[in-house]
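Colleague: So the protein sequences, as listed, match chains A and B. In this text, residue positions in the first sequence follow my numbering: the first is 1, and each later residue adds one. In this text, residue positions in the second sequence follow my numbering: the first is 1, and each later residue adds one. Where a beta carbon is used, it is the ideal one built from N, C-alpha and C, also for glycine. Please read through the structure below; I'll follow up with questions.
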Amino acid sequence: MTANEQQPEPEDRTVASQQTGRLELSPERWAFLAPRLSTLLADFGKLDALVPSGSEPAMSAELLAEVPRDRN
Amino acid sequence: MTETELCACSLAAVSQLIAQREVSPVAVTQAVLERLDRLEPQLNAFITIMAEEALAAARQAELEIARGHYRGPLHGVPLSLKDLFYTKGVRTTAASRVTADFVPNFDATIVTRLQDAGAVIFGKTNMAEFAFGETHPDFGPTHNPWNLDFGTNGSSSGSAASVAAGLGFGSFGSDTGGSIRLPAAFCGLVGLKPTYGRVSRAGVVPLSWSLDHVGPLTRTVRDCAILLEAVAGVDSADPTAARVEVPHYASALDRQVPHVTIGVVQPATDDVVLPEVRQATDQAVVTLRDLGFQIVPIEQPHPEQAIRALMAIMYVEASSFHLPWLRTRPEDYSVNTRERLEIGAFIPGTVYVQALQARRLVIDAYRALLREVDLLLSPAAPFPSYRLGGERVEPVAKDGGDRMNGLIRFSGPFDLTGFPALTVPCGVTSEGLPIGIQLAGPAFGEELLLQVAHAYQQATAASIVPTAEGHLVV
Numbered sequence: 001m002t003a004n005e006q007q008p009e010p011e012d013r014t015v016a017s018q019q020t021g022r023l024e025l026s027p028e029r030w031a032f033l034a035p036r037l038s039t040l041l042a043d044f045g046k047l048d049a050l051v052p053s054g055s056e057p058a059m060s061a062e063l064l065a066e067v068p069r070d071r072n
Numbered sequence: 001m002t003e004t005e006l007c008a009c010s011l012a013a014v015s016q017l018i019a020q021r022e023v024s025p026v027a028v029t030q031a032v033l034e035r036l037d038r039l040e041p042q043l044n045a046f047i048t049i050m051a052e053e054a055l056a057a058a059r060q061a062e063l064e065i066a067r068g069h070y071r072g073p074l075h076g077v078p079l080s081l082k083d084l085f086y087t088k089g090v091r092t093t094a095a096s097r098v099t100a101d102f103v104p105n106f107d108a109t110i111v112t113r114l115q116d117a118g119a120v121i122f123g124k125t126n127m128a129e130f131a132f133g134e135t136h137p138d139f140g141p142t143h144n145p146w147n148l149d150f151g152t153n154g155s156s157s158g159s160a161a162s163v164a165a166g167l168g169f170g171s172f173g174s175d176t177g178g179s180i181r182l183p184a185a186f187c188g189l190v191g192l193k194p195t196y197g198r199v200s201r202a203g204v205v206p207l208s209w210s211l212d213h214v215g216p217l218t219r220t221v222r223d224c225a226i227l228l229e230a231v232a233g234v235d236s237a238d239p240t241a242a243r244v245e246v247p248h249y250a251s252a253l254d255r256q257v258p259h260v261t262i263g264v265v266q267p268a269t270d271d272v273v274l275p276e277v278r279q280a281t282d283q284a285v286v287t288l289r290d291l292g293f294q295i296v297p298i299e300q301p302h303p304e305q306a307i308r309a310l311m312a313i314m315y316v317e318a319s320s321f322h323l324p325w326l327r328t329r330p331e332d333y334s335v336n337t338r339e340r341l342e343i344g345a346f347i348p349g350t351v352y353v354q355a356l357q358a359r360r361l362v363i364d365a366y367r368a369l370l371r372e373v374d375l376l377l378s379p380a381a382p383f384p385s386y387r388l389g390g391e392r393v394e395p396v397a398k399d400g401g402d403r404m405n406g407l408i409r410f411s412g413p414f415d416l417t418g419f420p421a422l423t424v425p426c427g428v429t430s431e432g433l434p435i436g437i438q439l440a441g442p443a444f445g446e447e448l449l450l451q452v453a454h455a456y457q458q459a460t461a462a463s464i465v466p467t468a469e470g471h472l473v474v
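Right, dumping it as structure tokens:
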């Protein structure tokens, strides 16, 4: 779905628009999620071993830059 | 021809029967709908059945064909769609309570293309909620036609079950980490994840914009080629749809397959591939060698890091899309989907960028590999399908990553890199569950991929391609 197309809307747009930036959670919900987030972030941190600091990130546009090789 | 015989035909075969007026689109559609009535209570493969719309489309096709206006190989052929493709006037739930009543006011591009080709769309199939791994209890799991006690895996679960059960002649799914190829492999089907940009995603509920792909699930490689050809190509409604010419994939199958080298992913100590899956994969390699393909061993580039990067991107992009609903109605998600989406909202931007940096390295590694060999071969998944009814498992595993990581070890890298990959059946386990191999190739190399897969399936079809005789619930 592209940006200018119809999207199913949240039911209460007022509530959605009054909040900013990130998700606001109850203390109980945060207490539940925080250790799981921490575990996952620790795993993602292992990307340090692969990625040289300051290297160029991939953008989806470059996936499209490939051209097929002539086989036949 | 009985209902079972008709529904067991390949797409190509039923298309020929329709073109030659040996069977009418209405008769085919009625046979599929009657079979669906009988099997759906056991499979739970569909969310919305479009019987009236399908019969109207079939009657229209019949009229056009009778008047000599034959549109091509999809004219009058019943197909289904995963329930995340927008269908004008027909609800598109993405198998979630959040969007249970959402009715789009336009069709996804691929829906329009299928309708223009004369296809008869008869239903929207069940899936993992928002294609993110879990089944919402409102919709329930899809059962595997090969053994109803087992699942089909997700996320295109209903698409795979329906095609394997002879409910339609093909279906379209989406693939962000393996969601076309894994259920296809678990149901003994061909499933293709095309190159990123090969098929438009306009009008498709996203999971992760930079990883999502759209593709077909079919019983044969030829059917897969026919469906890909019908929907591929540039689309002004999707900025990622590539301006790359669409070959005649189906007719290419009848040409001599070029001499190619296939790199076979070698076993790794941590790949958790079951012995039966390894054995079936090894046998497939022998068959391909016997067919004249050159086989060379290769190592899978960065297998764990590729999945790590994939999941970091997926968590963040998915949360970004869902943020409005996460704020207003989080309780409407299934427990695990909500947990993944909420966690994704708190992953720092620096982690996301690092995943994109890793993505570039993985793309470069695969690009280099695909300069040395033409195609890559591995198991589609480390293991076959799983038994339904187990207890809920936490999305984040105790040892760190998402618990899907092991399952998508072979499929996920091709969503990350964008290179095309398909699965084709290669055997069954001692429990009678299908096993598939995965073939992958260079960007926009679907033609070669399909040619080699077709040659393999032609050599093995008699023993492992499912038909409605014998393997299915009848």
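If we cut at 8 Å on Cβ distances, does T467 of chain B have a partner in chain A?
Modeller: As a working note, residue 467 of chain B is residue 467 in the second sequence. Since pLDDT at T467 of chain B reaches only 45, below the 50 mark, its modelled position is unreliable, and no value is offered.
Colleague: To the nearest angstrom, how far is it from the Cα of L291 of chain B to the Cα of S15 of chain B?
Modeller: Here residue 291 of chain B refers to the residue found at position 291 when the second sequence is read from its first residue. Here residue 15 of chain B refers to the residue found at position 15 when the second sequence is read from its first residue. Those two C-alpha atoms are separated by around 29 Å.
Colleague: Mind checking who H322 of chain B pairs with in its DSSP beta bridge?
Modeller: Numbered from 1 along the second sequence, position 322 holds the residue referred to as residue 322 of chain B. DSSP lists no partner for H322 of chain B.
Colleague: Kindly indicate which residue of B:L39, B:A12, B:G140 has the alpha-carbon position closest to the one of H75 of chain B.
Modeller: Numbered from its first residue, the second sequence carries residue 75 of chain B at position 75. Checking every option, the nearest Cα to that of H75 of chain B belongs to B:A12.
Colleague: Looking only at its own chain, which residues have a Cβ that is under 7 Å from the Cβ of G445 of chain B, when we skip the five neighbours before and after it?
Modeller: As a working mapping, residue 445 of chain B is identified with position 445 in the second sequence. Taken in chain order, the residues that qualify are P420.
Colleague: Tell me, which residues are paired with V190 of chain B by DSSP?
Modeller: Within the second sequence, residue 190 of chain B is the residue found at index 190, counting from 1. Looking at the DSSP assignment, V190 of chain B forms a beta bridge with B:T218.
Colleague: Any idea which residues DSSP pairs L81 of chain B with across the strands?
Modeller: Counting from one through the second sequence, the residue named residue 81 of chain B turns up at place 81. BP columns for L81 of chain B point to B:K124, B:F172.
Colleague: Check whether the Cβ atoms of V221 of chain B and A232 of chain B sit closer than 8 Å, and answer yes or no.
Modeller: Against the second sequence, residue 221 of chain B aligns to sequence position 221. Against the second sequence, residue 232 of chain B aligns to sequence position 232. Going by C-beta atoms, V221 of chain B is not nearer than 8 Å to A232 of chain B.
Colleague: Rounded to whole angstroms, what's the CA-CA distance from I347 of chain B to L37 of chain A? Just pull it up for me.
Modeller: Your numbering for residue 347 of chain B matches position 347 in the second sequence. Your numbering for residue 37 of chain A matches position 37 in the first sequence. One C-alpha to the other measures close to 8 Å.
Colleague: Could you check which residue in B:D101, B:I298, B:V103, B:V77 has the C-alpha nearest to that of D475 of chain B?
Modeller: Limits of chain B in this structure are 1 at one end and 474 at the other, which puts residue 475 of chain B out of reach.
Colleague: Could you please tell me which residues of the region 163–177 of chain B, in chain order, have their CB closer than 8 Å to any CB of chain A?
Modeller: Within the region 163–177 of chain B, no residue qualifies.
Colleague: Could you please give the first and the last residue of the uninterrupted alpha helix (DSSP H) stretch that includes T540 of chain B?
Modeller: Since the first residue of chain B shown is 1 and the last is 474, residue 540 of chain B is not available in this structure.
Colleague: Counting only runs that start and end within the region 353–440 of chain B, where is the beta strand (DSSP E) found for 3 or more residues in a row?
Modeller: Within the region 353–440 of chain B, the complete beta strand (DSSP E) runs of at least 3 residues are 375–379, 421–428, 434–440.
Colleague: Kindly say whether P27 of chain A, judged by its beta-carbon, lies nearer than 8 Å to any beta-carbon of chain B.
Modeller: Position 27 of the first sequence, counted from the first residue, corresponds to residue 27 of chain A. Taking Cβ atoms only, chain B never reaches closer than 8 Å to P27 of chain A, which makes this a no.
Colleague: Please classify A58 of chain A: does DSSP put it in a helix, a strand, or coil?
Modeller: On the first sequence, residue 58 of chain A is found 58 positions in, with the first residue counted as 1. Note: A58 of chain A maps to coil in three-state DSSP.
Colleague: Chain B partners of A58 of chain A, CB-CB under 7 Å?
Modeller: Walking along the first sequence from the start, residue 58 of chain A turns up at place 58. The contacting residues are L356, R359, R360, I363.
Colleague: May I ask which residues mark the beginning and end of the alpha helix (DSSP H) holding Q283 of chain B?
Modeller: In the second sequence, residue 283 of chain B corresponds to position 283, counting from 1. Counting along the chain, the alpha helix (DSSP H) containing Q283 of chain B begins and ends at 275–290.
Colleague: Using a Cβ-Cβ distance cut-off of 8 Å, determine whether H69 of chain B contacts chain A.
Modeller: Working through the second sequence from its first residue, we reach residue 69 of chain B at position 69. No, no contact with chain A.
Colleague: List the endpoints of the continuous beta strand (DSSP E) containing Q294 of chain B.
Modeller: Here residue 294 of chain B refers to the residue found at position 294 when the second sequence is read from its first residue. Per DSSP, Q294 of chain B belongs to the beta strand (DSSP E) from 294–298.
Colleague: State the DSSP-derived secondary structure class of D149 of chain B, mapped to helix, strand or coil.
Modeller: Looking up residue 149 of chain B in the second sequence gives position 149. D149 of chain B: strand per DSSP, three-state reduction.
Colleague: Quick one, are the C-beta atoms of T287 of chain B and T460 of chain B less than 8 Å apart?
Modeller: As a first step, residue 287 of chain B is located in the second sequence; it is residue number 287 there, counting from the start. As a first step, residue 460 of chain B is located in the second sequence; it is residue number 460 there, counting from the start. Yes, the Cβ-Cβ distance between T287 of chain B and T460 of chain B is below 8 Å.
Colleague: Do you know offhand how far M311 of chain B's Cα is from A108 of chain B's?
Modeller: For the purposes of this step, residue 311 of chain B is identified with residue 311 of the second sequence, where counting begins at 1. For the purposes of this step, residue 108 of chain B is identified with residue 108 of the second sequence, where counting begins at 1. Distance between the alpha carbons of M311 of chain B and A108 of chain B is about 26 Å.
Colleague: Check whether the Cβ of A42 of chain A lies closer than 8 Å to any Cβ atom in chain B.
Modeller: Position 42 of the first sequence, counted from the first residue, corresponds to residue 42 of chain A. Closer than 8 Å to some Cβ of chain B, the Cβ of A42 of chain A qualifies, so yes.
Colleague: Name the chain E residues whose beta carbon is nearer than 8 Å to that of I295 of chain B?
Modeller: Judged by its chain identifiers, the structure shown contains no chain E, and its protein chains are A and B.
Colleague: Would you please state the rounded distance, in angstroms, between the beta carbons of D149 of chain B and R387 of chain B? I believe it to be under 8 Å.
Modeller: Counting from 1 along the second sequence, the entry for residue 149 of chain B is found at position 149. Counting from 1 along the second sequence, the entry for residue 387 of chain B is found at position 387. Right, the Cβ-Cβ distance comes to about 6 Å (below 8 Å), so this counts as a contact.
Colleague: Under a CB-based cut-off of 8 Å, is A380 of chain B close to chain A?
Modeller: Here the question's residue 380 of chain B lines up with position 380 in the second sequence. Judged by the 8 Å Cβ criterion, A380 of chain B is not in contact with chain A.
Colleague: Any idea which residues DSSP pairs A27 of chain B with across the strands?
Modeller: Counting from 1 along the second sequence, the entry for residue 27 of chain B is found at position 27. DSSP output for A27 of chain B lists no bridge partner at all.
Colleague: In this structure, what does DSSP give as the bridge partners for I262 of chain B?
Modeller: Within the second sequence, numbered from 1, the residue matching residue 262 of chain B stands at position 262. DSSP lists B:I295, B:L375 as partners of I262 of chain B.
Colleague: Residues of chain A with CB closer than 9 Å to the CB of V351 of chain B, please, in chain order.
Modeller: Taking the first residue of the second sequence as position 1, residue 351 of chain B is located at position 351. Result: L41, F44, G45, L47.
Colleague: Chain A beta carbons: is any one of them nearer than 8 Å to that of E342 of chain B?
Modeller: For this step, residue 342 of chain B is matched to residue 342 along the second sequence. Yes, because at least one Cβ of chain A sits closer than 8 Å to the Cβ of E342 of chain B.
Colleague: Against chain A, does G412 of chain B count as a neighbour if the rule is that its beta carbon must be under 8 Å from one of theirs?
Modeller: Residue mapping note: residue 412 of chain B aligns to position 412 of the second sequence, counting from 1. For G412 of chain B, the answer is no, since every Cβ of chain A falls outside 8 Å of its Cβ.
Colleague: With a threshold of 8 Å between beta carbons, is H302 of chain B in contact with chain A?
Modeller: What you label residue 302 of chain B is simply residue 302 of the second sequence in a count that begins at 1. Yes - at least one Cβ of chain A is within 8 Å of the one on H302 of chain B.
Colleague: From the DSSP output, in three-state form, read off T20 of chain A for me.
Modeller: Taking the first residue of the first sequence as position 1, residue 20 of chain A is located at position 20. Per-residue confidence for T20 of chain A stands at a pLDDT of 43, beneath the threshold of 50, marking its modelled position as unreliable; the derived number appears in the next sentence. Coil at T20 of chain A, not helix or strand.
Colleague: Please identify the residue among B:T240, B:V396, B:P303 whose C-alpha is closest to the C-alpha of D270 of chain B.
Modeller: Along the second sequence, one-based indexing puts residue 270 of chain B at 270. Measuring from the Cα of D270 of chain B, the nearest candidate turns out to be B:P303.
Colleague: Can you tell me whether A355 of chain B is buried or exposed? The criterion is at least 16 other CB atoms within 10 Å of its CB, across all chains shown.
Modeller: Taking the second sequence and counting its residues from 1, the one referred to as residue 355 of chain B is at position 355. Buried is the call here.
Colleague: Spell out a yes or no on whether the region 293–307 of chain B and the region 403–418 of chain B are touching, meaning 3 or more CB-CB pairs, one atom from each, closer than 8 Å.
Modeller: With a cut-off of 8 Å, the region 403–418 of chain B and the region 293–307 of chain B count as touching, because enough Cβ pairs lie within range.
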